[in-house]
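**Student:** This is the structure, below, for whatever I ask next.
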């Protein structure tokens, strides 16, 4: 940090398996909560004012009404969701006390892969739905388990709001530009406002890969809401952001090559705006006196281990 002199922190670092968080809450609180405090304290020490925080729709728990708005009650039902809500509250407290600025971005279901084929989604173990459907189609696993076919939805399966990872990345840049330009603190949903069912995902994978998807139907899992999708209007109003790659066919088409399926033909790229300097004065690190003018915001990525040693904080 001393060498790079970043002007903002984009704090992605977290453990993020809901089920795992129930069995190992200590890891989640030490990484996601204590780790966030560590990042904020480093920011204070070095005079880094702008914090962009990766939060989650898990902070809402089971929604009372749809679509989910930023004003909807936040009642998380898992340790993971609670750690993200605590992170939001800690950031707001630091902002009130120390003059930091923040953008809290509540992801809905992140998915897809780099449209140019450079990066894809791969976890060990893999728990995300779309990769597991692709694994089933490719023969990497025997079948995809579908939990519940009797929900009060159009086809009986759960409905979620899926947003392409490239759209998420662009939203972070827009949040950075917003703060660098002196914009107000904000908390926004990052989703599409459209719900997609599990059966629709199965159909899309079959259509895009020309492969059958073996399915095993199971009983409902406790705590799974039938539907969960965002109202994305506040992000559009405050950041000028709207998802552009998040239709289910594009999501599947970009993800499939990482599982040996489909064509590697890239999806159309979305232009990314440059981050420019602003006239807003930058606070110097504490204990220093500098007359240098503020430099344009840099998008250098500096990995920083958080207190548990698990995960990275990205600095830009």
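In the working numbering, the protein residues as written are 350 to 665.
Each residue gets a CB set at the ideal place from its N, CA and C atoms; glycine is no exception.
1. How close, in whole Å, do the beta carbons of residue 450 and residue 399 come, if the pair is a contact with beta carbons under 8 Å?
2. Quick one: is residue 368 buried, meaning 16 or more other Cβ sit within 10 Å of its Cβ, or exposed?
3. With a cut-off of 8 Å on the beta carbons, I'd call residue 430 and residue 407 a contact; round off their distance for me.
4. Using alpha carbons as the reference points, say which of 364, 409, 580, 462 lies closest to residue 426.
5. Are the CB atoms of residue 608 and residue 468 nearer to each other than 8 Å?
6. Leaving out five residues on either side along the sequence, give the residues of the same chain with a beta carbon under 7 Å from the beta carbon of residue 491.
7. Between the beta-carbon of residue 386 and the beta-carbon of residue 439, is there less than 8 Å?
8. Should residue 463 and residue 546 be called a contact, given that it needs their Cβ atoms to be closer than 8 Å?
9. Give the range of the alpha helix (DSSP H) segment to which residue 459 is assigned.
10. Quick check on DSSP: helix, strand or coil for residue 548?
11. Is the beta carbon of residue 405 closer than 8 Å to that of residue 456?
12. In three-state DSSP terms, what is residue 566?
13. Of all the alpha helix (DSSP H) runs that stay within the bounds of the stretch 405 to 492, which reach a length of 4 or more residues?
14. Give the secondary structure of residue 511 by DSSP, where H, G and I count as helix, E and B as strand, and everything else as coil.
**Tutor:** Quick answer:
1. In the chain shown, the residue the question calls residue 450 occupies position 101. In the chain shown, the residue the question calls residue 399 occupies position 50. Right, their Cβ atoms sit about 5 Å apart.
2. The residue you call residue 368 lines up with position 19 of the chain shown. Flag for residue 368 reads exposed.
3. On the chain shown, position 81 is the one that residue 430 refers to. On the chain shown, position 58 is the one that residue 407 refers to. Confirmed, Cβ separation roughly 3 Å.
4. In the chain shown, the residue the question calls residue 426 occupies position 77. Minimum Cα distance to residue 426 is reached at 409.
5. To locate residue 608, count along the chain shown from 1; it is residue 259. To locate residue 468, count along the chain shown from 1; it is residue 119. Not a contact, by the Cβ cut-off of 8 Å.
6. Working through the chain shown from its first residue, we reach residue 491 at position 142. Once the five neighbours on either side are set aside, the close Cβ partners of residue 491 are 563.
7. Counted from its first residue, the chain shown places residue 386 at position 37. Counted from its first residue, the chain shown places residue 439 at position 90. Taking 8 Å as the Cβ cut-off, residue 386 and residue 439 qualify as a contacting pair.
8. Start at 1 with the first residue of the chain shown, and residue 463 comes out as number 114. Start at 1 with the first residue of the chain shown, and residue 546 comes out as number 197. Cβ distance not < 8 Å, so residue 463 and residue 546 don't count as in contact.
9. Mapped onto the chain shown, residue 459 falls at position 110. Unbroken run through residue 459 is the beta strand (DSSP E), 458 to 460; no alpha helix (DSSP H).
10. Translated into the one-based positions of the chain shown, residue 548 becomes position 199. Three-state result, residue 548: helix.
11. Here residue 456 is taken as the residue at index 107 of the chain shown, counted from 1. Here residue 405 is taken as the residue at index 56 of the chain shown, counted from 1. Cβ distance < 8 Å, so residue 456 and residue 405 count as in contact.
12. In the chain shown, the residue the question calls residue 566 occupies position 217. DSSP places residue 566 in strand when its eight states are reduced to three.
13. 428 to 447, 478 to 487
14. Position 162 of the chain shown, counting from 1, holds the residue named residue 511. Reduced to three states, the DSSP call for residue 511 is strand.
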